[in-house]
Amino acid sequence: MNHYSSWVYHADRILYPLKRVGAKGEGKFEQISWDEALDTIATKTQANIDAYGPETVLKYNISGTVGFLHNYGLSQALFNKMGTSILVGSACAGSGSAAIPYTYGKNAGVDPEEFANTKLYVSWGANEAAVNVHTVKFIKQCKENGGKIVIINPVRPGLLHYADMFIQIKPGTDAAFALGVANYIIENNLQDQAYIDTYTVGFEELKTTASEYTLEKTSEITGVPIEQIVEFAKMYGEIKPSVIRIGFGMQRHSNGGSMVRAITLLPPLVGAIGKEASSGYVYINSGYWISYAGIQGNDLRENPNARTINMNELGKALTGELEATKDYPISTLLLFNSNPMAIIANGNRVRRGLSREDLFTVVADIFRTDTADYADIILPASTFFEYEELCQDYMGWYLRHNTPAIEPLGESKSNCQMFSELAKRMGYTDPIFDMTTEEAIKVCLQAENVVKQGITYDNLKEKGWVKLDLGVPYGDMKFPTPSGKIEFYSEKLKEAGHHPVAAYVPRVESEDGSPDLFKKYPLTLISAHTKNFINSHMHNVPQINELIEESAVFIHTDDANDRGIADGDSITVTNDRGTILMVAKVTPTKTQKGTLLSYSCHWPKLVEGGKSANELTPDRVSDMGGGPTFHTNLVEIAKA
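Residues 17 to 656 in my numbering are what the sequence shown spells out, letter by letter.
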């Protein structure tokens, strides 16, 4: 991210409030004052609340800067006071986050710095070289220290350079592979039986379930040769300590939760949980985040049971195709720290929703994104270089204080500042709207493990960061499951309508799950993250744009030959959700036959045809946690 200065000082940066003067989506705006902007927003929002109710107002944000104050915490107080609909923020890791507690009761993953000290690192459905770049050096150290690296992925990720074994699995079949590996381990007595007897329940049920996944059946479902299944199962059963990195990409399928659940059964099977720091699994480290609930203003919400809207279904919510919004449509959309036209599935439906003339939309951003083009009012947001913040990360154990490096450019404001000012315009006088960022940080630092470690506002601000002392994950061998143990068999999972152990469930769009649709659209499109963006950040920075592939799709040589497509051809990629133009990149190795690979989160207006891969992705939600299903996506391709 050595191009951040170009991002902050970009010529297109929004520095003043704007109001729409053209049609929605046309991108025509004129500059106005903050007074006019806030008065307009307050008046229009209150009118819609009076006419249609507070739950017809929706605030929409996701990770943004991953800040406790300006994204997750203090910035939420206004919306709690309003009583808006509650956004379910599950676009990143919803499926796995829901699945893991069925096994362990909570999520407590390995410190990524311990990758260097493990003897077997398994990258399962992850793309560390693009999305967890800071962890790659520890994986490299694992290799240098004599450890083994195994990659399980439908496509060839950047980490492949270090791999001792690459298992190119069919998309969405990971549960079958995990159960097949478990079966081999049990049949060959490679499990840690003493550990299992002491710390787990349901082993006999796991044994029975896994026995259905013979080597032959597992190979048939997954496309992985029997020899590779055996080789990996032996490695995993014999090499200790080991770490499985469960990737976000793998769980972005209609059966994502089922796959994560199956994978979580492997570490306790070989006694890898709670024994040492470099042993176990890691999915997301946000389970270690300190609480910011004390600065969200939750006590201001009169109706804690307000309707919920899954952020992955924004298009449905805005068009009335969601049951929750059919009778009471969203009247006001207040959007910040997100660019749904670039990152959310079924872009055509999102576009139709944002085009509604009766929808009042406010967007706070630093650039006029595709989403901002549909706004009635655009507010100039400041960057994290320009305000104080407290944050942790998805893959690490650090707590950080962010001191502003520069003054806010132009008339830009932080989320906390603009929402506090808007709250006062709406007549809200609660003390939280006068809370300073220093006061808010001090509230968050009252967390028990922070106080115990002697971390204060002053010493954190002085140093800038501190690593939290969290010990060995599950080191106390206490698991907040109903049984108090690791559960190979989960009654709660059964009650939720899933197999109580685990099972291979075909994806909704696949040869097994929808054979008729597969005949029409026989290729799976995986839309992965590129190493050059952080979601949709940076696409408009000129030198970044020069680095990225044009709007390209990687196609296996056999699939290209079958359709008369040559490398560099302009092609159409189509399904029932839409059609996009892309450039063919024909390859015998980067992907496998039947699977396409493209990169996601491009700004639609910056690619050929004005439509990105998310024009085609489905906005259904996954089996657990309401997660996204971007990769359960059947398409067909043809020369343009």
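Backbone N, C-alpha and C fix where the C-beta goes; we use that ideal spot for every residue, glycine too.
Annotated three-state conformation of residue 74 is strand, per DSSP. Take the alpha-carbon of residue 560 and the one of residue 529: they are about 39 angstroms apart.
Around the CB of residue 453, 16 or more other CB atoms lie within 10 Å, so the residue is classed as buried. It is roughly 21 angstroms from the alpha-carbon of residue 246 to the alpha-carbon of residue 171. In terms of Cβ geometry, residue 119 and residue 280 form a close pair [threshold 7 angstroms]. Here the alpha carbons of residue 491 and residue 605 stand approximately 41 angstroms from one another. In this chain, the alpha helix (DSSP H) harbouring residue 158 covers 149–160. Between residue 272 and residue 161, the alpha-carbon positions lie close to 33 angstroms from each other. Assignment of residue 481 by DSSP, reduced to helix, strand and coil, places it in the strand class. Counting C-beta atoms within 10 angstroms of its own C-beta, residue 584 has fewer than 16 neighbours from the protein chains shown and is therefore classed as exposed. Within a 10 Å sphere around the beta-carbon of residue 31 sit fewer than 16 other beta-carbons, which makes this residue exposed. Secondary structure of residue 24 (DSSP, three-state): helix. Excluding its 5 nearest sequence neighbours in each direction, residue 107 has C-beta neighbours in its own chain below 6 angstroms: 78, 327, 328 and 644, listed in chain order. Around the beta carbon of residue 25, fewer than 16 other beta carbons sit within 10 angstroms, so the residue counts as exposed.
In the DSSP annotation of this structure, the continuous segment of the beta strand (DSSP E) that includes residue 380 starts and ends at 376–381. Residue 376 is positioned such that its CB atom lies closer than 7 angstroms to that of residue 60.
From the listed residues 117, 632, 541 and 592, the smallest Cα separation to residue 188 is found for 541. Contact between the region 505–515 and the region 138–149 is absent: fewer than 3 CB-CB pairs across the two stretches fall below 8 angstroms.
If you look at residue 50, you'll find it in the alpha helix (DSSP H) that goes 50–68. Scanning 66, 617 and 495 for the CA closest to the CA of residue 124 turns up 495. No Cβ-Cβ contact shorter than 7 angstroms links residue 544 with residue 96. Judged by beta-carbon spacing, residue 570 lies within the 7 angstroms limit of residue 607, meaning their Cβ atoms are closer than that value. If you check the CB distance, residue 238 and residue 193 come in under 7 angstroms. Our two residues, residue 567 and residue 206, have alpha carbons roughly 47 angstroms apart in a direct line.
Taking the Cβ atoms as the reference, residue 652 lies roughly 6 angstroms from residue 539, within the contact range of under 8 angstroms. Closest by C-alpha distance to residue 480, out of 287, 231, 127 and 419, is 419. In this structure residue 620 does not touch residue 293 by the C-beta definition: roughly 44 angstroms separates them, more than the 8 angstroms allowed.
Membership of residue 601 in the beta strand (DSSP E) is indicated by the continuous run 594–603. The Cβ-Cβ distance between residue 308 and residue 88 falls below 7 angstroms. The criterion of a C-beta distance shorter than 7 angstroms is satisfied by residue 355 and residue 552.
Straight across, the Cα-Cα distance linking residue 611 with residue 146 is about 20 angstroms. For residue 432, the enclosing alpha helix (DSSP H) stretches over residues 431–441. Counting only unbroken stretches of 3 or more residues, the beta strand (DSSP E) elements lying wholly within the region 379–429 are 393–396, 405–407 and 414–418, in sequence order. Burial is judged here by how many other beta carbons sit within 10 angstroms of a residue's own beta carbon; residue 489 has at least 16 and is buried. For residue 137, the pairing in a beta bridge is given by DSSP as 165 and 259. At a Cβ-Cβ threshold of 7 angstroms, residue 588 and residue 519 do not count as neighbours.
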